[in-house]
Every structure is written in structure tokens, then in C-alpha cells.
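Participant: What follows is a single structure, and I will ask about it in a moment.
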Amino acid sequence: MKKSKVVLLSLILVVLIALVPLFALKGAEFGGSDDAGSQKISQITGEEHEPWFEPVLEQAIGGELPGEVESLFFCIQTGIGVGILSFGFGYLVARKKYSKDEDQ
27 MKKSKVVLLS LILVVLIALV PLFALKGAEF GGSDDAGSQK ISQITGEEHE PWFEPVLEQA
87 IGGELPGEVE SLFFCIQTGI GVGILSFGFG YLVARKKYSK DEDQ
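Just so you know, we're using the numbering used here here: the sequence shown kicks off at 27 and counts up by one.
Rendered as C-alpha cells:
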């Protein structure tokens with residue numbers, strides 16, 4: 027009985043965490059860090075910020091990348107980073123484990 031109450035309260039908490047921001051942040055605008063940086067540079071210098079270069083892939087295809095492709099590249103980059111970190115942590119744990127076996 028007690029376990030089911032904990033599960034039920036946890037589910038209610040998860041639903042609240044998911045739904046409260048939808049209503050609390052109504053009408054909020056979210057922009058990328060590139061936009062925020064450009065706006066800040068424009069405020070400081072008093073001139074419109076002009077980027078130094080275009081991304082390589084945008085030059086290759088002759089236009090902006092679709093949002094799905096940008097998301098795909100971001101996910102691939104994230105996966106590679108997680109793989110490298112996981113390998114590194116696994117290596118450190120295994121090195122510690124096997125060095126104890128050799129000492130005995």
C-alpha cells in the first residue's frame with residue numbers, strides 16, 4: 027500500500043513538473059545564444075553586427091540548413107561526446123580495478 031502511494035505521488039510530481047512551465051512561461055520567447063551575442067555586440071558598438079563567415083555546410087548547399095538537419099548534427103555531436111566521456115570513465119574504472127588485481 028505504501029509503495030503504491032509513493033509511485034502515485036511521484037507520477038503526480040512528474041506531471042506537474044511537465045505542465046507547470048507550459049502555463050507559467052506563456053508568451054515567453056526563447057532565442058539561441060548566437061542571437062543573444064549578436065544583440066549584445068550591437069548594443070555595445072551601436073552598429074549592426076555582421077558575421078565574419080558563413081557556416082561551411084551552408085556555403086556548400088547554397089542556403090540555410092533545415093532545422094531537422096541541424097538537430098541531427100547536434101545529436102550526432104552529442105552522441106560522439108558521450109561516447110568519448112563514457113570510454114574515458116570506463117577506462118579509468120577498469121584501470122583502477124585491474125591495478126588492484128596485479129598488486130595482490
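Just so it is clear, CB atoms sit at the ideal spot from N, CA and C, and this is done for glycine as well.
Which of the three DSSP states is assigned to E84 in this structure?
Facilitator: As a first step, residue 84 must be located in the sequence shown, where it is residue number 58. The answer is helix: DSSP assigns E84 an H, G or I state.
Participant: From L39 to V46, what distance separates their C-alpha atoms?
Facilitator: The count along the sequence shown starts at 1 and reaches residue 39 at position 13. The count along the sequence shown starts at 1 and reaches residue 46 at position 20. Computed Cα separation, rounded: 10 Å.
Participant: Look at E84 and E76 and say whether their C-beta atoms are less than 7 Å apart.
Facilitator: Position 58 of the sequence shown, counting from 1, holds the residue named residue 84. Position 50 of the sequence shown, counting from 1, holds the residue named residue 76. Taking 7 Å as the Cβ cut-off, E84 and E76 do not qualify as a contacting pair.
Participant: Hey, could you find the ends of the alpha helix (DSSP H) L37 is sitting in?
Facilitator: For this step, residue 37 is matched to residue 11 along the sequence shown. That run of the alpha helix (DSSP H) goes 28-50.
Participant: For G109, which residues of its own chain have a beta-carbon under 6 Å away from its beta-carbon, when the five flanking residues on both sides are left out?
Facilitator: The residue given as residue 109 occupies position 83 in the sequence shown. Cβ neighbours of G109 beyond the five flanking positions: none.
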